[in-house]
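Below is one structure, written out as structure tokens, with a few remarks after it.
2 protein chains.
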Amino acid sequence: MNEPIYRQIADDLRGKIESDEIAHGAQLPTESDLMGQYDASRNTVRDAIRLLTTRGLVETRPGQGTFVVEQVSPYVTTLSDPDIGEESGLYRLDLAASQHTSASTHPRVEIQRASSRIANELHLEQDSTVISRHQKRYIDGAPWSLQTSFYPMRLVEQGATRLIQAADIKPGVVSYLTGVLGIEQAGWRDSIIVRAANEAEAGFFRLSDDGRVSMIEDWRTAFDQHGAPFRLTVRVYPADRNQLVANFGSVS
Amino acid sequence: MNEPIYRQIADDLRGKIESDEIAHGAQLPTESDLMGQYDASRNTVRDAIRLLTTRGLVETRPGQGTFVVEQVSPYVTTLSDPDIGEESGLYRLDLAASQHTSASTHPRVEIQRASSRIANELHLEQDSTVISRHQKRYIDGAPWSLQTSFYPMRLVEQGATRLIQAADIKPGVVSYLTGVLGIEQAGWRDSIIVRAANEAEAGFFRLSDDGRVSMIEDWRTAFDQHGAPFRLTVRVYPADRNQLVANFGSVS
DNA sequence: GGGTATTTGTCCGTATGTATT
DNA sequence: AAATACATACGGACAAATACC
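In order, the protein sequences belong to chains A and B. My numbering runs 1264 ahead of the 1-based position in the first sequence. My numbering runs 1264 ahead of the 1-based position in the second sequence.
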């Protein structure tokens, strides 16, 4: 037997799904049915389904059955846009049908010591004090992303005291910093990796805890007009329903 | 039993890995050992290991054992750099220790009819003729990314005949198009999604065929000085060893 | 609300195959 | 060739979630 049985079953089912013989959202035959169809044991059938599950083709629902996953049009985040109103729920979002509402929780504000990487990004000494502002963000009531922004404590000491208040800063933190301290956002750098979800993320985004859906993690460091970093924003998105877009130079 | 046994075992092992009680690269106890340690059946132990595997913490090697995965420093691709010498192996790469060599195969050139999405990106009619130039790219001899560029056939008709030759175009296609047709790259748009690897990709990148490692797919559309798209480049990277960086505005 | 049937989830035991040392 | 370790495949039993009457 060159190819294991469970792979043969998985390949056969995959063909039926990709040829639309089994439609999106439709239910697959039950494990019991598949045992009969392929003359295999239940565990072998389940191995086949698990393969399709980790590849994101199907999902199982206890008590109901196994279903072909529905394709969802992804949320699009444009990296080349500055964060206008980044805490006020006005976050820019491109969607084919733009009738969507976005919202975010009030920030949870913490005073922390900078980890090695955070200190490095903000050009601070390690263990420097930073302000952390954490928010959960939703689209149409569904969890969309988790965001934490870090600011050097010097900004508060210089007068930007609203940074340590657990309230939205409207119309945006950058506008506020410009008004209070004259800091302008001259540029930013996004650094993007894909990694497995941790427990908190799996809970918030309601991911199956088998670790199949990975996370897109975006570290954005913002620089002022003197080239000094003044903010680090870490955003995490579920990779299966989000898309990133970046424009450079002149695009139509 | 609130938490299933295999999850308890997985959590316990995860703790030992994250606390470095079991070092990176080290071997886990064998399935037989774990059966004894946790007084569980072999299948239950294997369920626990599978959970850690899909989360990317460990990998199994038949005949050898189960090992904690080594952390590899990711390859960094800077999206905000134009593709200087994009076919000549000079692709820009940021690495801590920059003593690395990159190389790519000679392009495989095909004449194709544009799919719906490709036609849309290049502002062509569907089923228009496009040139496809496909390359495999390596770093230090290891597979790094797959790249396919699409060009409208009108570029060849207007004189850029080297596009349909299966040879590198040095110092770069953009330079060539500028010289022959006066086309300059005024800007570009990157669109990034994460998806499961297909069979060809799993083979090229030597991924385990359990579909655990997903792919980063980057669609880059380049625009000329008149705002017209003249090239679409689709790149695919394994998500577990690649990082994207983008700079906007003025960054230090 | 309760009970029952259906369906997937967990767990066990066993046997054999394949890869590596 | 032999020993070790993971991979595949079978069988059975009970639990948990869901749907339906």
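All C-beta atoms in this analysis are idealised placements derived from N, C-alpha and C, irrespective of residue type, glycine included. Remember, predicted model here, so these are calculated numbers, not experimental data.
Cβ pair residue i, residue j closer than 7 Å
| i | j | result |
| --- | --- | --- |
| A:Gln1390 | A:Ala1383 | yes |
| B:Ser1344 | A:Gly1491 | no |
| B:Thr1342 | B:Val1498 | no |
| B:Arg1476 | B:Ala1486 | no |
| B:Val1322 | B:His1288 | no |
| B:Pro1371 | B:Arg1397 | yes |
| B:Gln1507 | B:Pro1338 | yes |
| B:Gly1513 | A:Gly1513 | no |
| A:Tyr1415 | A:Ile1447 | no |
| B:Val1458 | A:Val1458 | yes |
| A:Gln1422 | A:Leu1445 | yes |
| B:Thr1369 | B:Gln1399 | yes |
| B:Ile1456 | B:Asp1482 | yes |
| B:Ser1392 | B:Ala1406 | no |
| B:Asp1297 | B:Tyr1270 | no |
| B:Ala1460 | A:Arg1319 | yes |
Residue i classed as buried or exposed, judged by whether at least 16 other C-beta atoms fall within 10 angstroms
| i | result |
| --- | --- |
| A:Gly1436 | buried |
| A:Val1336 | exposed |
| B:Gln1301 | exposed |
| B:Arg1470 | exposed |
| A:Asp1473 | exposed |
| A:Tyr1355 | Confidence at A:Tyr1355 is low in this model, with a pLDDT of 48, below 50, so the placement of that residue should be treated as unreliable; the coordinate-derived value is given next. Answer is buried; the Cβ neighbour count reaches 16. |
| B:Ala1361 | Note on B:Ala1361: pLDDT 49, under 50, position unreliable in the model; no value is reported. |
| A:Thr1330 | buried |
| B:Glu1385 | buried |
| B:Arg1453 | buried |
| B:Arg1325 | exposed |
| A:Asp1284 | exposed |
| A:Ala1431 | exposed |
| A:Ser1409 | buried |
| A:Ala1424 | buried |
| B:Glu1465 | buried |
| B:Ala1274 | buried |
| A:Arg1484 | buried |
| A:Thr1294 | exposed |
| B:Pro1493 | buried |
| B:Gln1449 | buried |
| A:Thr1365 | exposed |
Simplified DSSP state of residue i, which is helix, strand or coil
| i | result |
| --- | --- |
| A:Thr1318 | helix |
| A:Asn1511 | strand |
| B:Ala1367 | strand |
| B:Leu1277 | helix |
| B:Gln1272 | helix |
| A:Ala1378 | coil |
| B:Asn1506 | strand |
| B:Ala1383 | helix |
| B:Val1373 | strand |
| A:Pro1346 | coil |
| B:Pro1338 | coil |
| B:Ala1486 | strand |
| B:Val1498 | strand |
| A:Val1333 | coil |
| B:Ser1516 | coil |
Practice item. Enumerate, from N- to C-terminal direction, the unbroken alpha helix (DSSP H) stretches of 4 or more residues contained entirely within the stretch 1386–1416 of chain B. Key: none
Point to revise | Near-chain B residues of the stretch 1446–1473 of chain A - C-beta to any C-beta below 9 Å | key: Gln1449, Ala1450, Gly1451, Trp1452, Arg1453, Asp1454, Ser1455, Ile1456, Ile1457, Val1458, Arg1459, Ala1460, Ala1461, Asp1473
Practice item. Could you please tell me which residues of the stretch 1333–1344 of chain A, in chain order, have their CB closer than 9 Å to any CB of chain B? Key: Cβ contacts with chain B: Pro1338, Val1340, Leu1343, Ser1344.
Exercise for review: Only counting runs of 3 or more residues, tell me where the beta strand (DSSP E) segments fall wholly within the stretch 1283–1330 of chain A, in order along the chain.
Suggested key: Counting only runs of 3 or more, we get 1322–1325.
Check your understanding: Mind listing which residues of the stretch 1485–1501 of chain B have their C-beta closer than 7 Å to chain A's C-betas, in chain order?
Key -> Phe1487, Gly1491
Practice item. Please go through the stretch 1409–1481 of chain B and give each complete beta strand (DSSP E) segment of 3 or more residues, from N-terminal end onward. Key: 1451–1460
**Study point:** Proximal residues, the stretch 1503–1515 of chain B versus chain A, C-beta separation under 7 Å
**Key:** Ala1503, Gln1507, Leu1508, Val1509, Ala1510, Asn1511, Phe1512, Gly1513, Ser1514, Val1515
Practice item. May I ask you to list, following chain order, the residues of the stretch 1291–1309 of chain B that have a beta carbon less than 7 Å from some beta carbon of chain A? Key: none
Exercise for review: May I ask you to list, following chain order, the residues of the stretch 1410–1433 of chain A that have a beta carbon less than 8 Å from some beta carbon of chain B?
Suggested key: none
Review point. In chain order, what residues of the stretch 1364–1394 of chain B put their CB closer than 8 Å to some CB of chain A?
Key: Taking 8 Å as the Cβ-Cβ cut-off, the stretch 1364–1394 of chain B has no residue approaching chain A.
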